[in-house]
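Taken in sequence, the protein lines are chains A and B. Numbered as in numbering that gives the first Met the number 0, the first sequence ends at 217 without a single skipped number. Numbered as in numbering that gives the first Met the number 0, the second sequence ends at 217 without a single skipped number. For every residue, glycine included, the Cβ atom is placed at its ideal position computed from N, Cα and C. Take a look at the structure set out below.
There are 2 protein chains.
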Amino acid sequence: MGNNQEIKNVSKATIGRLPAYHRYLKERQAAGEMTISSTAIAEDLHLNAVQVRKDLAVISSVAGKPKLGFEVEDLIEDINKFLGYDNVTDAVLVGAGGLGSALVGYDGFRNYGLNIVAAFDTDPMLIDTVIGGIKVFDAQELSKLVRRLNVLIGIIAVPRGAAQKVADELVEGGVRAIWNFAPVHLSLPTNIAVKNEDMAASLAILSKRLAEILYSEK
Amino acid sequence: MGNNQEIKNVSKATIGRLPAYHRYLKERQAAGEMTISSTAIAEDLHLNAVQVRKDLAVISSVAGKPKLGFEVEDLIEDINKFLGYDNVTDAVLVGAGGLGSALVGYDGFRNYGLNIVAAFDTDPMLIDTVIGGIKVFDAQELSKLVRRLNVLIGIIAVPRGAAQKVADELVEGGVRAIWNFAPVHLSLPTNIAVKNEDMAASLAILSKRLAEILYSEK
């Protein structure tokens with residue numbers, strides 16, 4: 000996963016928009032379109048056209064041609080390469096409850112280069128069951144199995160009280176990137192990549208926007 | 000939800016950190032601590048101390064005192080007020096499948112000022128069941144019930160193909176803020192607040208960080 004040959008200094012915002020371009024271009028391709036302009040992409044995705052052109056310049060090997068625009072297939076291939084959608088990376092999921100199950104079922108992570116190879120839980124009722132095609136193992140085996148499977152990405156979907164212990168065991172097993180859905184700050188070595196999904200933070204941002212809109216209408 | 004009397008121009012980043020301060024301060028309070036310094040908060044949450052001081056200055060009515068620091072209880076109260084955790088806002092959830100159920104069970108949204116009063120689905124197997132204490136209604140009733148319940152926030156956890164229709168019906172029912180978990184860009188009037196949770200975007204960011212770390216070690 001990720002294009003190791005050439006790591007450009009690309010902003011998080013640009014990287015975050017690439018999956019949306021990818022989905023959109025796949026739709027256009029399915030609809031039979033061969034070329035597309037950055038203006039059309041910007042309009043359909045409600046983005047700024049200058050921003051779209053800058054984003055595409057970062058990932059695209061060929062510039063769009065005046066009037067003709069970009070080849071849809073080339074752009075899809077460029078995003079595939081940039082985001083590493085071509086080389087699928089193995090991951091483990093820790094926590095096979097409601098959120099964990101939902102993540103396993105989420106709209107095909109495999110299309111995004113992520114292959115969940117095993118799940119872990121402490122609940123005897125869940126151990127040895129199968130969720131979304133993935134077998135649930137005893138969390139006591141975590142470090143050992145992660146090392147044996149040579150997995151680089153760990154997804155944490157356990158209650159917050161258990162998250163740090165799980166993170167430590169993942170790192171002990173050789174994981175180098177953690178996707179953390181527990182609402183807690185993890186203490187980790189600096190050479191471990193972390194992405195936190197804090198639902199309370201998202202909700203706070205939405206609520207503030209709502210308050211601003213309602214206030215402006217007073 | 001939200002402090003309508005006084006809408007300050009506060010950055011998304013600051014607002015996004017407030018729930019973490021809140022959780023941390025509640026823990027300190029439970030541990031019997033009465034006062035706390037911004038330096039201690041910064042250290043424990045692995046944040047920059049200057050940033051923490053700036054964040055707290057935005058929401059706090061009283062400045063921290065040199066040497067003594069902040070009163071823990073006052074700070075919690077200030078964040079409660081700022082984020083509207085005191086006045087709980089009603090919300091509906093559309094999509095009662097895996098992700099929807101997980102969201103209903105997520106670590107007590109009620110503590111964050113969000114009260115999910117009803118869920119909706121199109122699946123006859125789910126309609127009239129109860130998930131996490133919330134009744135699931137027929138999605139055909141969506142606009143009508145949202146209007147009757149006077150709900151301001153709609154949470155979308157349906158497959159992407161259904162998301163725009165659901166969003167339109169929520170707006171028709173009077174919803175003013177949409178929390179969108181479907182991986183699709185919604186077309187909405189500008190006076191509707193939206194927060195998108197795009198798992199593919201998050202994963203792309205994590206993968207790039209991982210690639211950078213692995214590359215730097217070559």
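Neighbourhood of residue i by C-beta, 6 Å cutoff - its chain only, sequence neighbours within 5 removed
| i | result |
| --- | --- |
| residue 36/A | 68 |
| residue 168/B | 141, 142 |
| residue 119/B | 93, 136, 138, 141 |
| residue 146/B | 172, 173 |
| residue 9/B | 57 |
| residue 128/A | 135 |
| residue 104/A | 131 |
Continuous beta strand (DSSP E) stretch holding residue i: start and end
| i | result |
| --- | --- |
| residue 115/A | 113–120 |
| residue 194/A | 192–195 |
| residue 134/A | 133–137 |
| residue 90/B | 88–93 |
| residue 68/A | Run containing residue 68/A: none; DSSP gives neither H nor E here. |
Under 9 Å by beta carbon: chain A residues contacting residue i
| i | result |
| --- | --- |
| residue 108/B | 198, 199, 202 |
| residue 44/B | 184 |
Host alpha helix (DSSP H) of residue i (start-end)
| i | result |
| --- | --- |
| residue 47/A | Where residue 47/A is concerned, there is no enclosing alpha helix (DSSP H), given that its DSSP letter is neither H nor E. |
| residue 144/A | 141–148 |
| residue 180/A | From DSSP, residue 180/A is part of no alpha helix (DSSP H); its letter is neither H nor E. |
| residue 126/A | Premise fails: residue 126/A is in no alpha helix (DSSP H) and is neither H nor E. |
| residue 13/B | 11–29 |
| residue 165/B | 159–171 |
| residue 71/A | 71–82 |
| residue 99/B | 97–103 |
| residue 185/B | No alpha helix (DSSP H) holds residue 185/B; DSSP gives it neither H nor E. |
| residue 207/A | 198–215 |
Neighbourhood of residue i by C-beta, 8 Å cutoff - its chain only, sequence neighbours within 5 removed
| i | result |
| --- | --- |
| residue 17/B | 54, 58, 78, 81, 82 |
| residue 192/A | 175, 176, 177 |
| residue 184/A | 195 |
| residue 100/A | 130, 131 |
| residue 113/A | 0, 87, 88, 90, 152 |
| residue 75/A | 21, 24, 25, 28 |
| residue 162/B | 155, 179, 181, 183, 185 |
| residue 190/B | 175 |
Any chain A beta carbon closer than 7 Å to residue i
| i | result |
| --- | --- |
| residue 18/B | yes |
| residue 187/B | no |
Chain B within 7 Å of residue i, Cβ atoms only
| i | result |
| --- | --- |
| residue 190/A | yes |
| residue 94/A | no |
| residue 172/A | no |
| residue 27/A | no |
| residue 14/A | yes |
| residue 68/A | no |
| residue 169/A | no |
| residue 82/A | yes |
Partners in chain A for residue i, counting only beta-carbon separations shorter than 7 Å
| i | result |
| --- | --- |
| residue 212/B | 175, 190, 192 |
| residue 11/B | 204 |
Proximal residues of chain B, C-beta to C-beta of residue i below 7 Å
| i | result |
| --- | --- |
| residue 112/A | 206 |
Closer than 8 Å at the beta carbon, the chain A residues around residue i
| i | result |
| --- | --- |
| residue 160/B | None at all; the shortest Cβ gap to chain A is about 11 Å. |
Contact list for residue i against chain B, beta-carbon separation under 9 Å
| i | result |
| --- | --- |
| residue 151/A | 209, 213 |
7 Å CB neighbourhood of residue i in its chain, flanking five on each side removed
| i | result |
| --- | --- |
| residue 157/B | 93, 94, 165, 181 |
| residue 38/A | 48 |
| residue 117/B | 91, 133, 134, 136, 144, 148 |
| residue 14/A | none |
| residue 71/A | 24, 27, 28, 32, 33, 34, 35 |
| residue 150/B | 89, 90, 91, 116, 174 |
| residue 51/B | 37, 40, 41 |
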